[in-house]
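Residue numbers (the UniProt record's numbering): 1 to 647.
Okay, so here's the structure we're looking at.
What follows is the structure in structure tokens.
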């Protein structure tokens, strides 16, 4: 079997099976990864089958493991080979997002153990919304106890939990004692182009398609078929699936009942559903049955048991009149007759299909998962604005030339500049020059002009500009032309190429730059070394702490700057550096960063340089100590909720 060693993945998906077959979990996992891979997310699907195999695809690779099947193939057992592989894959992909489909599988608990050992966060997409059922009451009780007390730990240690329905969320909360606030809801979804006038092309077919396991209760459906089939000889009643929980003798069944003992591929099932008129789900409990959504998308009337999640779907689709008492054959017969008579009403079917498409949009499902699972990847794909904050004070000699350079920067296609100029109460002609330039600029840039009523110093002036920004990326540009604005294009391209990056530091200490004075160079290196004493143990040791070019994700930059304390001219860089080093993502991981060599031509004191190394160097050292040893708070949004966190 080929190896995944050379590959780097954005997302790793673990499920018991995967190839699209009858079954909501498998099809949902397939639809989700297919949708994400089309958005340039590099995905790896790990799952079980009857043979080991590695399949390389277009942004979607398969790592398939041979498994030992139990309970009619419903619960495959994964072994040591799987654990070692997932452990290695996680080590090689420390920034990948891991999703586990349902907690009650050996693949799930082995993956959770590997993640915990490596401190790699994972998300559980829980597809179930009720207990499992087996023929034996004793086995049912035992399995549900193990589920609650063993497999439930997969949920307890998850970074994030996503239920596929409100019913599922409530069940997880009650059965596993997990706060509802920890559980999000994203509906399973699927839709296709279907038009009501196709009703005339459909055939008189009723379909039940699922694994023949106790919880799906196929027996109630077949018993209802047996009672009704002779009354509707021009209709075909299909039972599709496999398993041990369906008892029948072919010879005694009416001729228009067809038993197909096979788990179909998605393509095969859809071919039947595109012809059929009615779809039955007789489950005793569900998370949210994707098969129902698929069937309705293809123009089928959904006849559903009154399992809680089925009722949830029926209420959304306004088809509650077509639900029956679970396990009640006679009630199903009555509702089935009603569905057969309604199947000629194209207008009614069209309304159901339209409501289904509106409520269970597959595009919306993938988009919602994309934002939730891979927020940085999503933000990079949606990136539209680079905010450039330019503080200035008495820079009339250079400000126009600087603005020409910044205005002329050509960013990657689709990304525009938001140039925020903040006047720190200049006493010269700087502001008038800025206003004239902005008025005449023809480069289609967005400008925001701000002014301090009194001189507040660089730190608070930059704070004002950052908090006015709206860009997905934010950077500060000094007004003194020591830095080359064209370097910012390299930074933006790096964010686009590597979406895991949270911030980039420019490095002036490289071979292409020559410092005009050794004191300036030594001073910068000394305060950087002093800062690194505190930040290196936290995973961040920049080569140039005092660099002006720090490009940061907009949400992080604004969160940090809301609480910016520094009021001195040269406390800004130590404070930002200390806080970026100490900041942790909601999952506890540190920020990812990169350093890029930049151009730098320092001014001399006679040219207007404001830094005095003895005075400001001492200030910087005091700021370094203070901000690396003092607690700070950030206020931000996580999964749509406003939270305050202390570091």
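Glycine included, each C-beta is placed from N, C-alpha and C at the ideal position.
Item: Same chain, Cβ closer than 6 Å to residue 372, five either side skipped, listed in chain order; Value: none
Item: Paired residues, beta bridge with residue 386 - DSSP; Value: 417, 473
Item: Through-space distance from residue 54 to residue 1, alpha-carbon basis; Value: Below a pLDDT of 50, predicted positions are generally treated as unreliable, and residue 1, at 47, falls in that range; the measurement from the model is reported next regardless. Those two C-alpha atoms are separated by around 6 Å.
Item: Inside the UniProt domain "Glycosyl transferase family 1" (198-348) only - beta strand (DSSP E) runs reaching at least 3 residues; Value: 205-209, 236-241, 257-261, 278-281, 301-305
Item: Endpoints, beta strand (DSSP E) assigned at residue 13; Value: 11-14
Item: Straight-line Cα distance separating residue 43 from residue 395; Value: 50 Å
Item: Residue 565 beta carbon less than 8 Å from that of residue 573; Value: no
Item: Beta-carbon proximity check, residue 282 vs residue 215, cutoff 8 Å; Value: no
Item: Residue 211 classed as buried or exposed, judged by whether at least 16 other C-beta atoms fall within 10 angstroms; Value: buried
Item: Helix, strand or coil at residue 66 [DSSP, three-state]; Value: strand
Item: Meets three-Cβ-pair contact criterion under 8 Å: the stretch 523-540 and the stretch 551-566; Value: no
Item: From 164, 481, 228, 265, residue whose alpha carbon lies closest to that of residue 331; Value: 228
Item: Residue ranges of each alpha helix (DSSP H) within the UniProt domain "Glycosyltransferase 2-like" (387-517), 4 or longer; Value: 399-408, 430-440, 458-467, 487-497
Item: Cα-Cα separation, residue 649 to residue 469; Value: Residue coverage of the chain in this structure runs from 1 to 647, which leaves residue 649 outside it and unanswerable.
Item: For residue 1, the three-state DSSP class (helix, strand or coil); Value: With a pLDDT of 47 at residue 1, under the threshold of 50, the modelled position of that residue is not reliable, and the figure given next carries that caveat. Coil.
Item: N-terminal and C-terminal residue of the alpha helix (DSSP H) that residue 82 is part of; Value: 80-92
Item: 8 Å Cβ cutoff met for residue 360 and residue 187; Value: yes
Item: C-beta contact flag for residue 594 and residue 496 at 8 Å; Value: no
Item: Residue 559 versus residue 541: straight-line alpha-carbon distance, rounded; Value: 22 Å
Item: Residue 555 - DSSP class collapsed to helix/strand/coil; Value: helix
Item: With 16 other Cβ atoms within 10 Å as the buried cut-off, status of residue 145; Value: exposed
Item: One or two residues paired with residue 183 in a DSSP bridge; Value: 161
Item: Sequence-distant residues of the same chain with beta carbon closer than 7 Å to residue 169, five excluded per side; Value: 163, 180, 183, 185
Item: Contact the stretch 346-357 vs the stretch 464-479: 3+ CB pairs below 8 Å; Value: no
Item: Sheet register partners of residue 99 (DSSP bridge); Value: 13, 123
Item: Start-to-end residues for the beta strand (DSSP E) that takes in residue 366; Value: No beta strand (DSSP E) holds residue 366; the alpha helix (DSSP H) holding it covers 362-373.
Item: C-alpha gap between residue 460 and residue 192, whole angstroms; Value: 54 Å
Item: Outcome for residue 401 when other beta-carbon atoms lying within 10 angstroms are tallied against a minimum of 16; Value: exposed
Item: Of the listed residues 502, 292, 206, nearest to residue 311 (C-alpha basis); Value: 292
Item: Residue 629, DSSP secondary structure in three states; Value: helix
Item: Spatial neighbours of residue 478 in its chain, beta-carbon cut-off 7 Å, leaving aside the 5 residues before and after; Value: 548
Item: Outcome for residue 633 when other beta-carbon atoms lying within 10 angstroms are tallied against a minimum of 16; Value: exposed
Item: Separation of residue 335 from residue 254, as counted between CA atoms; Value: 20 Å
Item: Close Cβ partners of residue 647 (< 8 Å) along its chain, the five nearest in sequence each way excluded; Value: 579, 582, 583, 584, 631, 632, 633, 634
Item: Cβ shell of residue 628 (< 6 Å), same chain only, five flanking positions each side left out; Value: 534, 578
Item: Short Cβ contact (8 Å threshold) for residue 159 with residue 445; Value: no
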